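Visitor: Numbering (the working numbering), first residue to last: 357 to 520. Glycine residues also receive a C-beta, built at the ideal position from the N, C-alpha and C atoms. It should be emphasised that the depicted structure is a prediction, and the values quoted were computed from it without experimental measurement.
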């Protein structure tokens with residue numbers, strides 16, 4: 357059983373530890389965030405900026421916790437405008453391949469419609485990221501267009517009918 361928690365100021369240390377622990381794992385499929393992101397000062401400033409965006413209603417950030425309360429992933433809704441937002445997610449290496457991403461995305465789709473009043477979500481993943489594509493397709497996202505991200509072929513997905 358997993359739990360989503362809305363990002364809070366007191367999550368900073370756990371999120372930084374999670375990101376450091378999974379840095380190399382994440383860098384296999386997405387661009388690395390750079391050394392400044394992982395420094396204590398750089399991360400603290402970024403965490404405060406995320407909380408400000410969340411307070412303004414522009415973004416909604418969530419931690420994915422396992423049944424023992426350990427941080428195993430993140431699911432975010434960014435750039436919420438006109439009833440739509442962009443979905444992003446990352447699951448740590450120790451929890452990968454166990455259905456966590458699929459369940460977390462399902463939960464955030466529910467929350468997006470009921471708590472945040474969103475009516476559509478979009479997501480982009482590289483064409484060769486088959487695991488991420490499977491998560492989106494299992495959660496009723498449909499391909500809407502091919503795109504290029506970072507010079508690599510990618511796919512944009514969209515889902516409507518949130519909160520059902």
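Exposed or buried, which one is residue 367 when buried takes at least 16 other CB atoms within 10 Å?
Guide: The residue is buried, with at least 16 neighbouring Cβ atoms inside 10 Å.
Visitor: What's the call for residue 418, buried or exposed, on a 16-neighbour Cβ count within 10 Å?
Guide: Buried.
Visitor: CB residue 361 to CB residue 421, shorter than 9 Å?
Guide: The answer is yes: Cβ separation under 9 Å.
Visitor: Report the CB separation of residue 443 from residue 477 in whole angstroms; it is logged as a contact under 8 Å.
Guide: Residue 443 to residue 477, Cβ: 5 Å. Contact.
Visitor: Could you check where the beta strand (DSSP E) with residue 367 kicks off and where it finishes?
Guide: Note, residue 367: premise wrong, no beta strand (DSSP E); not H, not E.
Visitor: Are residue 447 and residue 436 close, meaning C-beta to C-beta below 9 Å?
Guide: Taking 9 Å as the Cβ cut-off, residue 447 and residue 436 do not qualify as a contacting pair.
Visitor: Run through DSSP, which three-state label would residue 445 get?
Guide: It is a strand residue.
Visitor: Less than 9 Å separating the beta-carbons of residue 433 and residue 374?
Guide: Their beta carbons are not under 9 Å apart, which means residue 433 does not touch residue 374 by this criterion.
Visitor: Apply the 10 Å Cβ neighbour rule to residue 481 and answer buried if 16 or more other Cβ atoms are within range, or exposed otherwise.
Guide: It counts as buried.
Visitor: DSSP three-state call for residue 489: helix, strand or coil?
Guide: Of the three classes helix, strand and coil, the one that applies to residue 489 here is helix, per DSSP.
Visitor: Does the ligand FMN have a heavy atom nearer than 8 Å to the CB of residue 357?
Guide: As far as ligands go, the structure on display features none, and thus does not contain the ligand FMN.
Visitor: Under the DSSP definition of a beta bridge, which residues are partnered with residue 498?
Guide: Per DSSP, 514.
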